[in-house]
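Enquirer: Chains as they are written, first to last, in the numbering used here: chain A, 1 to 453; chain B, 1 to 453; chain C, 1 to 481; chain D, 1 to 481.
One structure coming up, written as structure tokens, with questions to follow.
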Amino acid sequence: MPFIPHTEEDIEAMLASIGAESIDELFDEIPADLRTGTLTRVPPGMSEMEITRLMSERAQEDGFYLNFIGAGAYEHHIPAAVWQITTRGEYYSSYTPYQAEASQGTLQLLYEYQTMMASLTGMDVSNASLYDGASALAEAALMAVRQHRTSRRILIPQTVHPIYRSVVRAIVKNQAIEVVEIPYDQASGQTLPEQLDQYGQEEFAALVIPQPNFFGVLEQVDALTDWAHSKQSLAIAVVNPTALAMLTPPGEWGKQGADIAVGEGQPLGIPLSSGGPYFGFMACKQQLIRQMPGRIIGRTTDLNNQEGFVLTLQAREQHIRRSKATSNICTNQGLMVTAATIYMSLVGPEGLYRIAAQSHENTLSLVEKLEKLPGVEKTFNAPFFHEAVLSLPKPAAQVLDSMKAQGVLGGLRLEEHYPELGNTLLVCVTETKTADDLDKYVELFGQALATNA
Amino acid sequence: MPFIPHTEEDIEAMLASIGAESIDELFDEIPADLRTGTLTRVPPGMSEMEITRLMSERAQEDGFYLNFIGAGAYEHHIPAAVWQITTRGEYYSSYTPYQAEASQGTLQLLYEYQTMMASLTGMDVSNASLYDGASALAEAALMAVRQHRTSRRILIPQTVHPIYRSVVRAIVKNQAIEVVEIPYDQASGQTLPEQLDQYGQEEFAALVIPQPNFFGVLEQVDALTDWAHSKQSLAIAVVNPTALAMLTPPGEWGKQGADIAVGEGQPLGIPLSSGGPYFGFMACKQQLIRQMPGRIIGRTTDLNNQEGFVLTLQAREQHIRRSKATSNICTNQGLMVTAATIYMSLVGPEGLYRIAAQSHENTLSLVEKLEKLPGVEKTFNAPFFHEAVLSLPKPAAQVLDSMKAQGVLGGLRLEEHYPELGNTLLVCVTETKTADDLDKYVELFGQALATNA
Amino acid sequence: MLIFEHARKGRLNYSQAPAKRAVKRNIPENLLRKSAPLLPEVSEMDTVRYYTRLSQKNFSIDTEFYPLGSCTMKYNPRACNALAMLPQFLARHPLAPEDTGQGFLACMYELQEILKDVTGMEAVSLTSMAGAQGELIGVTMIRAYHEARGDAERTEIIVPDAAHGTNPATAVMCGYKVVEIPTDKEGDVDMAALKAAVGPKTAGLMLTNPSTLGVFEKKVSEMSRIVHEAGGLLYYDGANLNAVLGKVKPGDMGFDVIHMNLHKTFSTPHGGGGPGAAPVGVAKRLLPYLPVPIVAYENGVYRWLTEKDRPQTIGRLSAHMGNAGVLLRAYIYVRLLGSEGMHRISEFATLNANYLMAELRKAGFEIAYPTRRASHEFIVTMKEIKERTGVTAMNLAKRLLDKGFHAPTTYFPILVPECLLIEPAETESKETIDSFVVAMEEILAEIETQPDMVKSAPHQMPLRKLDDVKAARELDIVWKP
Amino acid sequence: MLIFEHARKGRLNYSQAPAKRAVKRNIPENLLRKSAPLLPEVSEMDTVRYYTRLSQKNFSIDTEFYPLGSCTMKYNPRACNALAMLPQFLARHPLAPEDTGQGFLACMYELQEILKDVTGMEAVSLTSMAGAQGELIGVTMIRAYHEARGDAERTEIIVPDAAHGTNPATAVMCGYKVVEIPTDKEGDVDMAALKAAVGPKTAGLMLTNPSTLGVFEKKVSEMSRIVHEAGGLLYYDGANLNAVLGKVKPGDMGFDVIHMNLHKTFSTPHGGGGPGAAPVGVAKRLLPYLPVPIVAYENGVYRWLTEKDRPQTIGRLSAHMGNAGVLLRAYIYVRLLGSEGMHRISEFATLNANYLMAELRKAGFEIAYPTRRASHEFIVTMKEIKERTGVTAMNLAKRLLDKGFHAPTTYFPILVPECLLIEPAETESKETIDSFVVAMEEILAEIETQPDMVKSAPHQMPLRKLDDVKAARELDIVWKP
């Protein structure tokens, strides 16, 4: 019996203690007509040896590609130490730190995480993480509505990740919150502050401001933030944490800073892994803390006045407050945050800056090279971070297929989400790519453009 | 500076404390003419990201093969838990347990290892491991010579692994020990007890007895052991630890049992890994313990009479006894033994038996199938464990090359070490191979025989 | 000492960053950060050392018995971790073309099929990243169902008072009013109250079965009939699926929608509080509303079903497809157990719980529902002990830490005073359970002879009892240099 | 409790073994085992739990400062472990054809080249599995060299009294008589004694430089001349190569043969006592004798050189080619550091040692060789303290454990009474060294005020001082049920 340690003698002794004849008797409160028949679609059990072989074969089937897709999930170098420590049993197999005295490892680490994220975003406080970037944005929207009290309207630029917008809609719709999308400027790929006023005539709870935006383009965050505040609304920043090593943090945007900063934490040491598990981060100003969902760790003292850490402000949470909680959220993404905290400790402020700067430079370099190819041009004229949109002289799908056949994933087609952009490609280059990689990209890209298909 | 944590301020403060102007000054006792110039063949440093990519590319270059080579190193399933625990920093990065109170983890584990190995071999005691199987055999030979006192002659059948014989010669030659090789019976592949007497006319310190032998063949260990003892010599067993789950342990061979049992520990949870690190095991009878080289752990008590573990019998060792030590050996293969101990705990006695029995059955099945191919036959008529020698109707190299091109390593050619055997192949099947794998082997083997090359 | 206190200005791990600062840049000055963030400047070795030592301050399944009721702390097979982290799986971008992920998608598709089978539901979506999100999805689908039928009057969700806090919180997040119904003294839902509560406003009932009281709701079929007849739907909170896996299918009990906590029943790691994963299964009538993406297998190829294939879907709940790495671990786990192993989970979880309940009863503890079978968990109440000695359930919990056992869940479910919700899980041996009983007996004796010592526990942990009140009052959640 | 005491008869981890006992068999009954071996029957979870908890009872580099002189306990980069354990490397059979291992062999070849460069030797063999085996190989080659020249009179190896015990033990294993020469009061080899010792019987001199006393033998060139003129060869024990890496090449000092402990200088893990690896480098005249296999690069292909290519080789010392996985880790380490990082190792190891020596001297400890620079290590002697207070070096060592530091090496080298050989290694920060100094100062104060407490240390460890004498006298090395 895999993972069940009972011997025959154990079973007999245990049943005797219970006073039951058989294990089956223990299920005698379940009405007979509900008892399950055989399972038909669960395959027979395998040994670890067999599943190891199966999974290895499937992994090899998927193989490795030289990846230039970003679009919300970014390939960065992850130090080996990160996951070797994170998967230690003591982190990997512990529960939510409800018994603080037996959970100081996780609690202290989460307190450090909160500190790092608050500083990275330039905000006062941070929670201990949410599910992912998209759901974190949805929670920020709900938070803004609770805070604003009178408006149930959220402004979201179309330069925000399309799936983030979908997730926000799916989550906030139930609460009769209106999501208003703001179109972008076709020349710059930015949300233009000067064109916002039409959306601000009616009261709104918050404006979402992405930096960089989904196109990789840098928004005019100061003006956008100030505009939202001028309307007595909140500014919600959606930011890339790597980029924050170089870019002005949300807490310093405009005159007062953004009110809430959220984003996808994956770039901080989390493998791409087909999309998850990642983690969402959320930081905010001090005065919003009681509206913030999710776990929060606080420093306190023990009976001997020794410093220690506990879950705090639990009165906001569902297990205490039930139907009056700030959110139904019950967990954070503890293990991912463990990895991210170790990652940030290993790279430090200078390392993260270099990673960001190298990613930025690599993207600039690739774009420069590609622009030299006939018919290829930058779609937008605004500055970008580590992703850029390119307009192609032929269907992007053909180019991508051709490159894929040579082991390179050349980027993401934007057609599905932005049909108005035509043959465009969103391409991302991080610090993981070498000069040779860029040359290879350019060569394959050129070949793909040249062939008739 | 990779792995060096010093800041500029640190360096200045430290030099000030020392009273030196520069780090270079600290090397002022080294004569100037000895100072090294530039290194010319060490490449420039790489980041972890760069070396990760390089090593991943090299690993992929080597790829995966369906492996049927044994010959002293055996592919078995290794439970994932084994190395996830073994590479925990506390095992991985600790030193030899000289400070017992700070090393109970390693010490207690090694005591358990000794217990398991003593029981598996049927011997009274075990050391805490040696470098590998081959060097363990050499140490056993030296031990026998020390014990015997009058003879410096060791009998080694040619059915012992050819490289083990080389290693023994390389190590014992310095001490003017004579190694006498005993030929095998061409029909059975065994060392025949009835043909030994010519080698026993002169006094000898020990007879080495492999089980199974290099051909996979089972030797008549009872008769061989009794013969050695009848000559007042020691019997040294060289055994496969997996096989011991099924086969009579050396401690029960013949009337008195073998005196020393050694072997390669690799099959017990150690990856093939191009040949190392593995570990050698050595167990012996109680009366030989003070002749045994290598670390030994003993159970004792502390000041409060609590049970604990320490390195013991160190008076045999070089760091105490220097030129009078039983061996120059200074380390064991601690980490490998950590893995092996966890492996043996996970599989248990029944699991190890099943692994052995399945390997045996798989080999029998493959041999049966191959024998049906024209011109293929078992080279020897004696029973075998999980390896067998096959005689082929065409050069083994051609067959192997042909199979390799299809991703299968079909076995080992014996020509180099046993030219008298002609076109023979040593093939090994462990529990890792499925019925489909055997069929694939047979199919490719048949194709290889059929093609003209 | 915090990691920040190990830092020195200017320290850098050169192996972990590009060799120099790249200089090429097209970013306007006003968008550039002016001062560096407060990330620690600690050497690689000191980081490894610090977080390795810190880890040792945690209790975990890999180090201690952890009988935390309602949480199903059971062994997380190390193979699941190793295989889900094969380099190719880790490297795969979520937006990489489907033809570069057929191996991965095959696992996901098969997991969907397996989960359909064990729950008796029509279809499964793997997208949900946690139990609470599974609930959100489930109730959102109930809402979508009623809305699609033009039935706008249904504004209430019925929730038993024994439910997890997530249930009422989720209903509110979905715009519903919560109607709470009581539990009878046998631990079942009060059927009269249920009948009184249902009506044309009823959108649905959220039920956990076995309930958080550790007992099986025997009248679940009748409840199903009552709610369905009133036009409502039934939501199954799968938190306790471990207790009945392979024994009862929620679909057969009449549930319309279910979430399964893979981090409980399917043994993915809890990770100190996540990530979880909670696939959602639906009966036929909710099929159109399932969140995307879902994996389909067509003509020998796996592909994602999206909004295009599922126009009525409630949409997406995560940026990609949920917690893929967690799903892989669950997949590996179910393949290891196989069809013949599914029911053993519930059998031995139930055996362990009933045995521990029997032993604790013999040791003198009061069982909250003594006439009932335990499911995979059961409740001890310290009410009488507290009244007599002043020692609380939390005091006992802390004292257990001293003895090397994680505490059971305390003060949940809230309707049982001074309760300990105890769940041993099927992977624990009789010896471990017996040693836990011994510890509980010792504490019972200590309560009689040295109650103050028990009240001031823990004593053997690195820290004594921590001050929660101070933490909330003098809020310190971000370190300042 | 031992793992055996967690066992229950009949328990089996079904995931870890074939589903049933295979029945096909061709083995005669008399060769079959009659009773099962005493391996534990413990569940997978309990095994994981047991060995995880057990690990926490170890001090290690990943958890504590470990200033163990002569052992070079420095950070073992986690990347080395991860990359050496890539699945393809682990899966490769040692006898797999060379064309299926070009990636692996490329690493080995490059490692050989790198080691040649840093040591200034003509060629390197990677086969040796530990320092002591490296010595055995080295002295065997010296012997082979003399024998090939027909010089049978050379029966002695000269070894300074400060040498590691392996040196004389190795010489004896190689059939030589050991001639021990003394150390002068400055810590150098007594040159007069050396001159007196050399002669026609001298096969060679084994020297560690810097010596185990933590000082550089300044007259090494003269020693080289003396020994060579007498017809002997020079062996370099590379145990302390970390102190001079990139600063001095043993080849330039005149050594004919060297072993390098990769587990010291090249930071492969010590693993609780192995596996190590100790490649051997030789000057030109010993080239023919190098053990096989060695990796060659010819016509774009890597291949093993064997006895066929090297007819005069001393042969093979391991069943395959040595500790490949350890060699891979060392290779990764040197590539991470690169040419510009090699000399930093010795610079900062030396800086740390001299700083710690200076600080401990200021704290009141007696330095054994106060007029000398420390190499990467240095010696404190407790002689005066012991005479005055009865507190020994070992007492102090045990007391350090209480304070969270591993003890330095004690009672080695044996010629310094009550010695502590202290090696901080380059990967430790000034803060860590400073905190160690504080602990040493505290103990110095404790020795004055509460010597008995120090003598009975440790007090804070899971166990008190263990009885070594009892262990050896009442030998218990195998558990009996």
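Note that the Cβ used here is the ideal one computed from N, Cα and C, for glycine as well.
Here the structure is a predicted model, which means the values were calculated and not measured.
Determine whether the Cβ of HIS148 of chain B lies closer than 8 Å to any Cβ atom of chain A.
Expert: Within the second sequence, the letter at position 148 stands for residue 148 of chain B. So no, HIS148 of chain B is outside the interface.
Enquirer: So which of A:ALA100, A:SER22, A:GLU12, A:MET14 has the shortest CA-CA distance to LEU463 of chain C?
Expert: Taking the first residue of the third sequence as 1, we reach residue 463 of chain C at position 463. Selected option, being the one with the closest Cα: A:ALA100.
Enquirer: Chain B beta carbons: is any one of them nearer than 8 Å to that of PHE89 of chain D?
Expert: Along the fourth sequence, one-based indexing puts residue 89 of chain D at 89. Yes - at least one Cβ of chain B is within 8 Å of the one on PHE89 of chain D.
Enquirer: Under the rule that 16 or more other beta-carbon atoms within 10 Å means buried, what is PRO250 of chain C, buried or exposed?
Expert: Along the third sequence, read from residue 1 onward, the residue named residue 250 of chain C stands at position 250. By the neighbour-count rule (16 or more Cβ atoms within 10 Å), PRO250 of chain C is buried.
Enquirer: Any beta-carbon of chain D closer than 8 Å to the one on GLY56 of chain C?
Expert: One-based indexing of the third sequence puts residue 56 of chain C at position 56. Note on residue identity: the sequence assigns Gln, not Gly, to residue 56 of chain C. GLN56 of chain C counts as touching chain D.
Enquirer: Within the segment 284–323 of chain B, note down every full alpha helix (DSSP H) run reaching 4 residues or more, in order along the chain.
Expert: Complete alpha helix (DSSP H) runs here, min 4: 318–321.
Enquirer: What runs of the alpha helix (DSSP H), each 4 residues or longer, lie entirely inside the segment 45–89 of chain D?
Expert: With a minimum length of 4 residues, the continuous alpha helix (DSSP H) runs that stay inside the segment 45–89 of chain D are 78–84.
Enquirer: Can you check whether the CB of ILE329 of chain A is closer than 8 Å to the CB of ILE477 of chain C?
Expert: Stepping through the third sequence from its first residue, residue 477 of chain C is reached at position 477. Stepping through the first sequence from its first residue, residue 329 of chain A is reached at position 329. No, the pair does not count as a contact, with Cβ atoms beyond the cut-off.
Enquirer: Check the C-beta distance from LYS144 of chain C over to ILE157 of chain C and give it rounded, since I have them as a contact under 8 Å.
Expert: Position 144 of the third sequence holds residue 144 of chain C. Position 157 of the third sequence holds residue 157 of chain C. Correcting the residue identity first, residue 144 of chain C is Ala in this sequence and not Lys. Not a contact, Cβ separation roughly 14 Å.
Enquirer: With a threshold of 8 Å between beta carbons, is MET336 of chain A in contact with chain C?
Expert: The residue given as residue 336 of chain A occupies position 336 in the first sequence. For MET336 of chain A, the answer is yes, since a Cβ of chain C falls inside 8 Å of its Cβ.
Enquirer: Using 8 Å as the limit for Cβ to Cβ distance, is ASN544 of chain D near chain B?
Expert: Given a span of 1 to 481 for chain D in the structure shown, any question on residue 544 of chain D remains unanswerable.
Enquirer: Applying a beta-carbon distance threshold of less than 9 Å, which residues of chain B neighbour TYR15 of chain C?
Expert: Within the third sequence, numbered from 1, the residue matching residue 15 of chain C stands at position 15. Correcting the residue identity first, residue 15 of chain C is Ser in this sequence and not Tyr. Result: PRO2, PHE3, GLY45, MET46, SER47, GLU48, MET49, ILE51.
Enquirer: If distances are taken between C-alpha atoms only, which option among C:ASN81, C:LEU286, C:ALA358 comes closest to ALA123 of chain C?
Expert: Position 123 of the third sequence holds residue 123 of chain C. That would be C:LEU286, whose Cα lies nearest to the Cα of ALA123 of chain C.
Enquirer: How is MET253 of chain D classed by DSSP in three states: helix, strand or coil?
Expert: By one-based count along the fourth sequence, residue 253 of chain D stands at place 253. Looking at MET253 of chain D - three-state DSSP - the assignment turns out to be coil, as it is neither helix nor strand.
Enquirer: Would you check if there are 3 or more beta carbon pairs closer than 8 Å linking the segment 289–307 of chain A to the segment 228–240 of chain A?
Expert: Taking 8 Å as the limit for Cβ pairs, the verdict is that the segment 228–240 of chain A does not touch the segment 289–307 of chain A.
Enquirer: Listed in chain order, which residues of the segment 40–54 of chain C have Cβ atoms closer than 8 Å to some Cβ of chain D?
Expert: For the segment 40–54 of chain C, which is checked against every Cβ of chain D, the residues closer than 8 Å are SER43, GLU44, MET45, ASP46, VAL48, ARG49, THR52, ARG53.
Enquirer: For a contact defined as C-beta to C-beta under 7 Å, what are the partners of LEU32 of chain C on chain A?
Expert: Locating residue 32 of chain C in the third sequence gives position 32, where the first residue counts as 1. Under the 7 Å cutoff, chain A gives MET246, LEU247, THR248.
Enquirer: Using beta-carbon positions only, say whether LEU26 of chain A and ASN354 of chain C come within less than 8 Å of one another.
Expert: Indexing the first sequence from 1 puts residue 26 of chain A at position 26. Indexing the third sequence from 1 puts residue 354 of chain C at position 354. Yes; because the gap between Cβ atoms is below 8 Å, this pair is in contact.
Enquirer: Nearest-angstrom Cα distance between GLU90 of chain A and GLU64 of chain C?
Expert: The residue you call residue 90 of chain A lines up with position 90 of the first sequence. The residue you call residue 64 of chain C lines up with position 64 of the third sequence. So the alpha carbons of these two residues sit roughly 10 Å apart.
Enquirer: Show which residues of chain A have a CB atom less than 9 Å away from the CB atom of THR432 of chain B.
Expert: Position 432 of the second sequence, counted from the first residue, corresponds to residue 432 of chain B. Going along chain A in sequence order, the residues near THR432 of chain B (Cβ under 9 Å) are MET49, ARG53.
Enquirer: Would ILE177 of chain A and ILE163 of chain A qualify as a contact pair, given that the criterion is a beta-carbon distance under 8 Å?
Expert: By one-based count along the first sequence, residue 177 of chain A stands at place 177. By one-based count along the first sequence, residue 163 of chain A stands at place 163. No, Cβ-Cβ distance for ILE177 of chain A and ILE163 of chain A is not below 8 Å.
Enquirer: Kindly indicate which residue of B:ARG53, B:LEU66, B:GLU48, B:GLY294 has the alpha-carbon position closest to the one of VAL429 of chain B.
Expert: Locating residue 429 of chain B in the second sequence gives position 429, where the first residue counts as 1. That would be B:LEU66, whose Cα lies nearest to the Cα of VAL429 of chain B.
Enquirer: Does the beta-carbon distance from ARG399 of chain D to ILE443 of chain D come in below 8 Å?
Expert: Taking the first residue of the fourth sequence as position 1, residue 399 of chain D is located at position 399. Taking the first residue of the fourth sequence as position 1, residue 443 of chain D is located at position 443. Yes; because the gap between Cβ atoms is below 8 Å, this pair is in contact.
Enquirer: Are ILE270 of chain A and ALA340 of chain A touching if we call contact CB-CB under 8 Å?
Expert: For the purposes of this step, residue 270 of chain A is taken as the residue at position 270 of the first sequence. For the purposes of this step, residue 340 of chain A is taken as the residue at position 340 of the first sequence. Contact: yes.
Enquirer: Contact between the segment 414–427 of chain A and the segment 379–399 of chain A is defined here as three or more beta-carbon pairs at a separation below 8 Å; is this criterion met?
Expert: Touching, per the Cβ criterion.
Enquirer: Can you tell me which residues form a DSSP beta bridge with GLY281 of chain D?
Expert: Numbered from 1 along the fourth sequence, position 281 holds the residue referred to as residue 281 of chain D. DSSP output for GLY281 of chain D lists D:VAL124, D:ILE258 as bridge partner(s).
Enquirer: In whole angstroms, give me the CA-to-CA distance for GLY231 of chain C and VAL168 of chain A.
Expert: As a first step, residue 231 of chain C must be located in the third sequence, where it is residue number 231. As a first step, residue 168 of chain A must be located in the first sequence, where it is residue number 168. About 29 Å.
Enquirer: Note down, one range per segment and in chain order, each beta strand (DSSP E) of at least 3 residues found wholly within the segment 232–293 of chain B.
Expert: Taking only runs of at least 3 residues, the beta strand (DSSP E) segments lying wholly in the segment 232–293 of chain B are 234–239, 260–264, 280–284.
Enquirer: Tell me, please, whether the CB atom of THR268 of chain C is closer than 8 Å to any CB atom in chain D?
Expert: In the third sequence, counting from the first residue as 1, residue 268 of chain C sits at position 268. By this cut-off, THR268 of chain C is not an interface position.
Enquirer: Between which two residues does the beta strand (DSSP E) containing MET206 of chain D stretch?
Expert: To locate residue 206 of chain D, count along the fourth sequence from 1; it is residue 206. 202–208 is the span of the beta strand (DSSP E), which, as asked, contains MET206 of chain D.
Enquirer: Indicate whether at least one CB of chain B lies closer than 8 Å to the CB of LYS455 of chain D.
Expert: Counted from its first residue, the fourth sequence places residue 455 of chain D at position 455. With 8 Å as the cut-off, LYS455 of chain D does not count as an interface residue toward chain B.
Enquirer: At 7 Å on the CB atoms, spell out the chain B contacts of THR166 of chain D, in chain order.
Expert: Position 166 of the fourth sequence, counting from 1, holds the residue named residue 166 of chain D. By Cβ distance, chain B contributes GLN318, ASN328, CYS330.
Enquirer: I'd like to know whether the C-beta of ASP124 of chain A is nearer than 8 Å to at least one C-beta of chain D.
Expert: Taking the first residue of the first sequence as position 1, residue 124 of chain A is located at position 124. Judged by the 8 Å Cβ criterion, ASP124 of chain A is not in contact with chain D.
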